[in-house]
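Notes follow the structure.
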Amino acid sequence: MSYEIMEYARLSIAQKSQAVDLFMEGFGHMMTFSRDEKLKKELMLEIFHPTLFRCYVENGKVLGLLGIATDEIRPIDFRQDTCVRLFGRLKGAMISKQMNAIFQKPVVSFRDELYIDVLVTGSEARRKGVASALLNEVLGQKRYSVCYLHVFSNNEPAISFYRKHGFSVDREEKSSLMRFLGKGSGYPIRMKKDLV
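So the sequence shown is numbered by our numbering: it starts at 1108 and just counts up by one.
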């Protein structure tokens, strides 16, 4: 299997569209601010950070997507100018403020900490090493000593996947409001892996 891990900035327009489709497949349930799927996709195409997203590309097709965050920046920024242009002044400003309260909230505190914000693969790419390749690419960066991520408590396949890659449960966040995002999604669990 011949593949390449590419930054979002290096993707073609068609590949960026595929990356956003993957994101929406995995995280679309969080994008409740509009029913207009076309507008939401247009927004996501513009607000993904060009270098903080890594994409697994095989035969020209994006099969996996991973977004990282540091102590300074997260990979999705609901920029007000973009939200206002697409959704109007009032609704756009509200979307920007409310979504950034989640997506721009700091998730790590120190320079040597890394956070996996997004990891998603297409259904046809599951159990084929795509997520592992993306994860290994990011975890191989030498400037970080620890990596964190969150997963919902009812997502046993994801918990098992991360444990297989050396992560352990750091804390359970049973009082988090994120538990209300979907039917039976459980509560967030923060997982951790020491990299040095």
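All C-beta atoms, glycine included, are put in the ideal place defined by N, C-alpha and C.
The structure presented is a predicted model; accordingly, all values stated were derived computationally and were not measured.
Neighbourhood of residue i by C-beta distance below 7 Å, restricted to the same chain and skipping five residues each side
i	result
Tyr1251	Asp1219, Glu1220, Leu1221, Leu1302
Thr1189	Leu1150, Glu1153, Ile1154
Phe1211	Note that residue 1211 corresponds to Gln in the displayed sequence, not to Phe. So the qualifying residues of the chain are Arg1181, Asp1184.
Gln1125	Lys1168, Val1169
Same chain, Cβ closer than 6 Å to residue i, five either side skipped, listed in chain order
i	result
Lys1147	Met1138, Ser1141
Glu1165	Tyr1110
Met1206	Phe1185
Residue nearest to residue i in terms of C-alpha spacing, selected from the options
i	options	result
His1352	Ile1175, Phe1185, Ile1154	In the structure displayed, the chain extends from 1108 to 1303; residue 1352 sits before or after that span and is not available.
Lys1204	Gly1195, Phe1274, Gln1187, Pro1213	Gln1187
Ile1112	Glu1132, Gly1167, Asp1143	Gly1167
Glu1231	Lys1249, Ser1275, Glu1132, Asp1178	Glu1132
Glu1263	Gly1247, Ile1209, Gly1293, Asn1243	Gly1293
Phe1130	Gln1122, Arg1234, Tyr1269, Val1225	Val1225
Cys1254	Ser1119, Tyr1269, Phe1134	Tyr1269
Gln1248	Lys1123, His1136, Ile1223, Ala1208	Ile1223
Tyr1163	Leu1118, Ser1216, Val1214	Leu1118
Val1227	Arg1234, Leu1172, Lys1123	Leu1172
Ser1109	His1272, Lys1281, Lys1235, Val1276	Lys1235
Ser1275	Leu1193, Phe1160, Ile1266	Ile1266
Lys1299	Lys1271, Lys1281, Arg1196	Lys1271
Gln1099	Phe1160, Ser1282, Leu1197	In the structure as shown, the chain starts at 1108 and stops at 1303, and residue 1099 therefore has no counterpart that could be examined.
Asp1143	Phe1194, Phe1134, Phe1259	Phe1194
Chain-order list of residues whose beta-carbon lies under 8 Å from that of residue i (same chain, five-residue window excluded)
i	result
Arg1278	Ile1296, Arg1297
Val1127	Lys1148, Met1151, Leu1152, Phe1155
Val1191	Gly1199, Ala1200, Ser1203
Ala1116	Pro1157, Thr1158
Asp1178	Pro1213, Val1215, Ser1216, Phe1217, Arg1218, Glu1220
Continuous alpha helix (DSSP H) stretch holding residue i: start and end
i	result
Tyr1115	Unbroken run through Tyr1115: none, as it is neither H nor E.
Asp1277	Per DSSP, Asp1277 belongs to no alpha helix (DSSP H); it is in the beta strand (DSSP E), 1275 to 1279.
Tyr1269	1263 to 1271
Host beta strand (DSSP E) of residue i (start-end)
i	result
Leu1302	No beta strand (DSSP E) holds Leu1302; DSSP gives it neither H nor E.
Phe1130	From DSSP, Phe1130 is part of no beta strand (DSSP E) but of the alpha helix (DSSP H) over 1120 to 1134.
Start-end ranges of the alpha helix (DSSP H) lying completely within the segment 1158 to 1229, minimum 4 residues: Whole alpha helix (DSSP H) segments, 4+ residues: 1187 to 1194, 1196 to 1210.
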